[in-house]
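Protein chains in written order, with the UniProt record's numbering: chain C, 1 to 510; chain B, 1 to 510.
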């Protein structure tokens, strides 16, 4: 559809709830179809670009994003309500992520090349020449996230990983930040053009509502989906993907309360300091992190009162921050009201009052293990700066509660030297529950690095075998192919005799 | 339930359709529950067994299988109708597979250890110490396959890979070979006991019907499913797994026609020899291989008549072999009858007549590309020794047909030197369609090796990101966990400073 004829929509200023100029065209289902057709047409050419060309494309995206300058940060700040300092850091993370994936592409380990040379004289049967590499799945649909308008959105983690893997990407921009989305989409297109990538390597659709996303996931040319958002949204995409004639993987990062265990010696030694630090992690970015600490498990004893008192004091001084969208604010209000209205739960403290229009009040609740046992829904995520402290009688009770929580992105243990030995029994539980286990830190803050895992068992994600942050994320968009006895001319270059790059030969690094 | 009180069932002799002594107890849903409980209880202990202990367990399974001697082969031959020579080879493959996974466990690459050392002085923020390893998913349900009573059944590929990964296994034995299944289950139990593995590391249920398998996949303690069998059976398990409160991965290897492209120069030079060799691959094991060549694409021209004539002659002399089960025989009869009754399809040849009770007749059909275009269902799998030759006008038409076939386990290209250049355009299509691309060989015969991929896009499997043969199969039962700033005592041994074993440090092999 010609852009002039399109229906249009606007972003909303998070701090005021008012629309922001300019308006943007609403994509149509025909636009989805065209983007998927172009992505498919680009696939064979793009997936065989050499490492240097593909790395240069990823780096060029970062450069084009930087070239947008302060206008991008200003726009993102207005649309998200997140502070400029945070968005400056997030831009650095976004660009750094693209550079890191460029390095991954160059290193070549992601191809997982394996070569088992022929054994023509083996008895009773000869062995064929077998060579394996990872190949990209195909065009990937990426859904931008509202809470990271740069690092997990249009040119965010999933886009970077999919492009690095050799998959064309079609982004459905998040309607909470259409301006940010449009600017970043333009940067990617400019980078693709500048580095000579095939048309269709990057497609982009935007607009409110679910029709575009539904059409995108149902399109038979889409081979995988990356999503970060609500549990309801993620599960809806999973259902759509499973109902296709050819089902496809959906990597939906959905919900997590990120349990924090405070061990007795640490609590006794530094309960107050931990309480203050806890509220710092809880309220960062209005608590709108997937890794926000929404559940604290502590044994009643020395230090727990100091922990709670310090947390209450820190929270009481906390100024309200705008939330990302009206929908998120409403869900937060509903979730915290349910906790406040639960007879088994006591409100320990709250932050300063929000304006009721665009910002909400941080809230902290306390209950005991018995209440959680009888109502496990108490431990479900309330997205935003709300957390629940669960007082446990002893470590046995704490371990039992921990064993009942759902799958998580992170699980944290705060401990001192004397806690190490008693904490050992908790590690297997934490490991079964979460994609990342932390000691003496806070789960907010996710390093983009080779060893990072930002994933975890359902319902933290729809596929706990994967990560959405860090270089391992490239694996989610790959599948293995074995080439048996192929003549040199038909073999992919990296599988030919004498090709450079890391490989296993007969299963051993060579 | 006490075994004495159980309902009982018998195996059926494939060659005669008659029941075989003795009878075996039919497991109950309560037995499934008990096996899952025991597997869960064993999980934490089993997954932390050291590499040497776990490898010794895998090797002991192989030894106990060998100790069953000829009685195992005789029983498997009676139950499956497969010849003793084939089953002797299959036993070797089964034991070799267990030994290979023992080596994989010892090598340690499967852990995918990554270490990103702390950077306490990094600006603007320090980096935490990040360490990653793969951990097992949890108890795995394995469904035995009828067509490989040893190598893909009770102690087959999925069992070996899951046990190697650190997952307890609960096998649902295939009811077509209850005696073989019971003997091998006993061997695994003996090996577990002899090597001191925790009780519950291996569980086993058996019986006809779907109730046991349904209960197993629905059990909340099962974390993944391995299956080899029919498309209907695999999809039913996938649906059960997706409908759980916590969905789990299902690795179902389902259906494949394994297209074989015969290139013009090869056809002209050696059409007759290729036709004879094709029938050898087609009729092996009564065609009851997942990798059976069920679709041949060839350009009309020199050699195609010789190819067809030689294939027809070879097939005409083919003696009928028993099929695995009555159900498979009935489905084969139905599928071949549909092809024979299709006006656009001509029957080129058939093998000698079967007895109509326990054996079937190999059949070969011919059609043209236009017929396949108007009825793509012609290219769907008929499990058994049936194949369809599709005559194409030229390579363009052949490529277009190839591009419409469903996902496959294998895709083969038969070619001579002069075909190399024109074949290049087909490789990307073959690669998008299949998990393994072969040149100048036959897809039957799947090497158990590091570079093997026995998998492929849907509907060849339910998850094309994985393989069920070869050492890469261990990955399907793993997920990554990151450990951030954990004190030494709480770190898994292989992640501690100075631990032996392969690893990436800051993303680079160290």
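Every residue gets a Cβ at the ideal spot worked out from N, C-alpha and C, and that includes glycine.
| query | result |
| --- | --- |
| Members of the region 247-272 of chain C near chain B, C-beta cut-off 9 Å | 247, 248, 249 |
| Interface positions of the region 425-439 of chain B facing chain C (Cβ-Cβ less than 8 Å), listed along the chain | 427, 428, 431, 432, 434, 435, 436, 437, 438, 439 |
| Reference residue 22(C); option with closest CA among 101(C), 183(C), 97(C) | 183(C) |
| The region 117-137 of chain C touching the region 90-100 of chain C, judged by at least three CB pairs closer than 8 Å | no |
| Cβ neighbour criterion (16 or more within 10 Å) applied to residue 8(B) | exposed |
| Rounded C-alpha distance that separates residue 346(C) from residue 371(C) | 11 Å |
| Buried/exposed call for residue 192(C), threshold 16 Cβ in 10 Å | buried |
| Proximity of residue 263(B) and residue 414(B) at Cβ, strictly below 8 Å | yes |
| Euclidean distance between Cα positions of residue 506(B) and residue 334(C) | 43 Å |
| Cβ pair count under 8 Å reaching 3, the region 39-53 of chain C against the region 193-206 of chain C | yes |
| Inter-residue Cα distance where the pair is residue 473(C) and residue 106(C) | 16 Å |
| Element boundaries [alpha helix (DSSP H), containing residue 374(C)] | 369-374 |
| Residue 175(B) burial status per 10 Å Cβ neighbour count (16 or more: buried) | buried |
| Close Cβ partners of residue 240(B) (< 7 Å) along its chain, the five nearest in sequence each way excluded | 214, 217, 218 |
| Below-8 Å beta-carbon distance, residue 452(C) vs any chain B residue | yes |
| Beta carbon proximity, residue 322(C) to chain B, threshold 8 Å | no |
| Residues of its chain near residue 1(C), where Cβ-Cβ distance is below 6 Å and the 5 sequence neighbours each way are ignored | Low per-residue confidence applies at residue 1(C): pLDDT is 47, beneath 50, and the placement is therefore not dependable enough to give any value. |
| When 427(C), 444(C), 320(C) are compared against residue 492(B), the one with the closest alpha-carbon | 427(C) |
| Proximal residues of chain C, C-beta to C-beta of residue 115(B) below 9 Å | 450, 451 |
| Within chain C, the residues that residue 568(B) reaches when beta carbons sit closer than 7 Å | Any property of residue 568(B) remains undetermined from this structure, which presents chain B solely from 1 to 510. |
| 8 Å Cβ cutoff, residue 483(B) in contact with chain C | yes |
| 8 Å Cβ cutoff met for residue 39(C) and residue 94(C) | no |
| Listed by chain order, chain C residues near residue 44(B) by CB distance under 7 Å | 428 |
| Continuous alpha helix (DSSP H) stretch holding residue 181(C): start and end | 178-194 |
| Outcome for residue 270(B) when other beta-carbon atoms lying within 10 angstroms are tallied against a minimum of 16 | buried |
| Residue 436(B) versus 412(C), 360(C), 469(C), 480(C), residue with shortest Cα-Cα distance | 480(C) |
| Interface positions of the region 131-145 of chain B facing chain C (Cβ-Cβ less than 7 Å), listed along the chain | 131, 132, 135 |
| Candidates 5(B), 136(B), 254(B), 220(B), of which the one nearest residue 478(B) by Cα | 136(B) |
| Bridge partners - residue 253(C), DSSP secondary structure assignment | 228(C), 461(C) |
| Straight-line gap, residue 260(C) to residue 464(C) (C-alpha atoms, nearest Å) | 20 Å |
| CA-to-CA distance, residue 324(C) to residue 62(C), given in whole angstroms | 25 Å |
| Own chain, CB closer than 7 Å to residue 423(B), minus 5 neighbours either side, in chain order | 263, 413, 415 |
| CB contact check: residue 526(C) to chain B, cutoff 8 Å | No answer is possible for residue 526(C): it lies beyond the span of chain C, which begins at 1 and ends at 510. |
| Validate contact between the region 291-302 of chain C and the region 377-389 of chain C using beta carbons, cut 8 Å, 3 pairs | yes |
| Close Cβ partners of residue 340(C) (< 6 Å) along its chain, the five nearest in sequence each way excluded | 347 |
| Backbone CA spacing between residue 502(C) and residue 509(B) [nearest angstrom] | 9 Å |
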